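What follows is a short report on a single structure.
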Ligand code: IPD
Ligand code: CA
């Protein structure tokens with residue numbers, strides 16, 4: 001365990017060193033999370049969705065009627081973009097809500113999910129996060145994921161490990177669990193918004209569930225990946241995530257010792273490729289189980 005005075009301090013330099021990028025990611029994600037927290041309280045003072053009905057224009061839908069986007073997602077991405085433009089005016093940004101050159105991986109770009117777990121945010125389930133990652137040539141080199149309701153910051157820089165900073169500022173180094181059997185693994189997953197992909201995801205879960213300790217569907221892929229890093233689960237997998245869902249959490253998991261499989265950061269979620277992160281002690285066995293069950297086959301949105 002480490003204490004607050006050892007935290008990485010914010011720097012506004014234009015450096016591409018992973019620790020400088022991490023400091024920027026932490027600062028921006030923390031500010032964005034404070035905005036999300038304050039706005040949820042203002043807009044939906046209680047849990048449950050009833051308050052939303054009283055606020056026309058607060059929630060719209062995206063890919064599917066089940067796929068919400070709130071005014072807070074939009075505002076928060078705009079806030080992140082303004083801060084990045086101030087601090088690092090030459091950097092490119094890919095965000096879940098506004099998009100931005102996903103196919104162009106050359107050089108440095110920021111990959112931003114203003115609220116990962118928007119359905120939880122809408123209902124008031126305390127599992128949603130802001131994710132900010134810096135990628136160089138399509139590889140994540142620095143990241144911060146802030147668990148908004150719990151005010152916990154996960155962060156990592158390539159080659160420098162991953163940490164969790166709690167609401168009192170206490171910093172803990174992250175390590176994956178030492179589990180060594182898939183049959184004892186707690187596996188987090190998630191589902192897309194389209195009905196056809198969901199049907200296939202459900203069929204796959206029916207085959208996997210008897211082979212593992214249990215399944216968790218938390219509702220935020222970024223937090224699932226941080227849970228692999230923290231040892232709160234042993235593995236995470238999901239088909240069809242967008243790069244904003246995994247760019248931050250995947251680096252945090254990898255720096256905590258997880259074995260990762262991610263698509264190219266240029267791949268659209270429509271292609272349905274799978275993201276996998278798992279504790280190292282089950283990597284080979286899980287790979288064999290996933291091969292047997294066909295997990296590596298993409299689940300395109302069709
Ligand atoms: C979603 C969450 C969820 C995952 C979905 C994602 P959103 O992101 O990460 O856990 O299962 O596939 O789309 O829509 O809340 O930003
Ligand atoms: Ca997301």
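In UniProt numbering, the protein residues as written are 1 to 302.
Where a beta carbon is used, it is the ideal one built from N, C-alpha and C, also for glycine.
The structure displayed is predicted, hence computed values, not measured ones.
(1) So the candidates are 235, 197, 201; which of them puts its Cα closest to the Cα of residue 214?
(2) Measuring only the C-alpha atoms, how far is residue 30 from residue 61?
(3) Any heavy atom of ligand 2 closer than 7 Å to the beta-carbon of residue 166?
(4) Identify the continuous alpha helix (DSSP H) that holds residue 165 and give its terminal residues.
(5) Is residue 245 near ligand 2 - that is, is its Cβ less than 7 Å away from at least one heavy atom of it?
(6) I'd like to know if the stretch 13 to 22 and the stretch 146 to 154 are in contact, where contact means that at least 3 CB-CB pairs between them fall below 8 Å.
(7) Contact between the stretch 173 to 189 and the stretch 274 to 286: three or more CB pairs below 8 Å?
(8) Report the rounded CA-to-CA distance for residue 71 versus residue 115, giving the unit in angstroms.
(9) Once DSSP output is grouped into helix, strand and coil, what is the label at residue 191?
(10) On the criterion of 16 or more Cβ atoms from any shown chain inside 10 Å, does residue 120 qualify as buried, or is it exposed?
(11) Using a Cβ-Cβ cutoff of less than 7 Å, which residues in the same chain neighbour residue 148 once the five nearest sequence positions on both sides are dropped?
(12) Kindly give me the distance between the Cβ atoms of residue 245 and residue 222, rounded to whole angstroms, as I take these residues to be in contact under 8 Å.
(13) Take the Cβ of residue 209 as the centre, count every other Cβ of all protein chains shown within 10 Å, and call the residue buried at 16 or more, exposed below.
(14) So, do the stretch 97 to 112 and the stretch 186 to 197 have three or more beta carbon pairs nearer to each other than 8 Å?
(15) In angstroms with no decimal places, state the Cα-to-Cα distance between residue 39 and residue 288.
(16) Short of 7 Å in beta carbon distance, which residues of its chain neighbour residue 272, apart from the five on each side in sequence? Order them along the chain.
(17) Under a Cβ-count criterion, where at least 16 other Cβ atoms within 10 Å of its own Cβ denotes burial, should residue 163 be classed as buried or exposed?
(18) Distance, Cα to Cα, residue 27 vs residue 167?
Answer, in terms of the structure:
(1) For this step, residue 214 is matched to residue 214 along the chain shown. If we check each option's Cα against that of residue 214, 235 comes out closest.
(2) The residue given as residue 30 occupies position 30 in the chain shown. The residue given as residue 61 occupies position 61 in the chain shown. If I take the Cα positions, the gap works out to 26 Å.
(3) For the purposes of this step, residue 166 is taken as residue 166 along the chain shown, with counting starting at 1. Residue side-chain check: residue 166 keeps its Cβ at 7 Å or more from all non-hydrogen atoms of ligand 2.
(4) Taking the chain shown and counting its residues from 1, one reaches residue 165 at position 165. Note, residue 165: premise wrong, no alpha helix (DSSP H); beta strand (DSSP E) at 162 to 165.
(5) Sequence index remark: in the chain shown, residue 245 carries index 245 (1-based). Yes, since a heavy atom of ligand 2 falls inside the 7 Å radius drawn around the Cβ of residue 245.
(6) Contact fails: fewer than three Cβ-Cβ distances are below 8 Å.
(7) The way I'd put it, the stretch 173 to 189 does touch the stretch 274 to 286; three or more beta-carbon pairs between them come closer than 8 Å.
(8) Within the chain shown, numbered from 1, the residue matching residue 71 stands at position 71. Within the chain shown, numbered from 1, the residue matching residue 115 stands at position 115. Residue 71 and residue 115 have their alpha carbons spaced roughly 11 Å apart.
(9) Residue numbering aside, residue 191 sits at position 191 when the chain shown is read from its first letter. Coil, per DSSP.
(10) Here residue 120 refers to the residue found at position 120 of the chain shown. So residue 120 ends up on the buried side.
(11) Counted from its first residue, the chain shown places residue 148 at position 148. Excluding sequence neighbours, residue 148 sits near 33, 36, 37, 128, 129, 130.
(12) By 1-based counting over the chain shown, the position of residue 245 is 245. By 1-based counting over the chain shown, the position of residue 222 is 222. About 6 Å separates the CB atoms of residue 245 and residue 222; that is less than 8 Å, so the two are in contact.
(13) Here residue 209 corresponds to residue number 209 of the chain shown, with the count starting at 1. Label assigned to residue 209: exposed.
(14) With the cut-off at 8 Å, the stretch 97 to 112 and the stretch 186 to 197 do not touch.
(15) By 1-based counting over the chain shown, the position of residue 39 is 39. By 1-based counting over the chain shown, the position of residue 288 is 288. For residue 39 and residue 288, the distance between alpha carbons rounds to 45 Å.
(16) Sequence index remark: in the chain shown, residue 272 carries index 272 (1-based). Here the set comprises 197, 239, 240, 298, 299, 300, 301.
(17) Your numbering for residue 163 matches position 163 in the chain shown. It counts as buried.
(18) Numbered from its first residue, the chain shown carries residue 27 at position 27. Numbered from its first residue, the chain shown carries residue 167 at position 167. Cα to Cα, residue 27 sits roughly 15 Å from residue 167.
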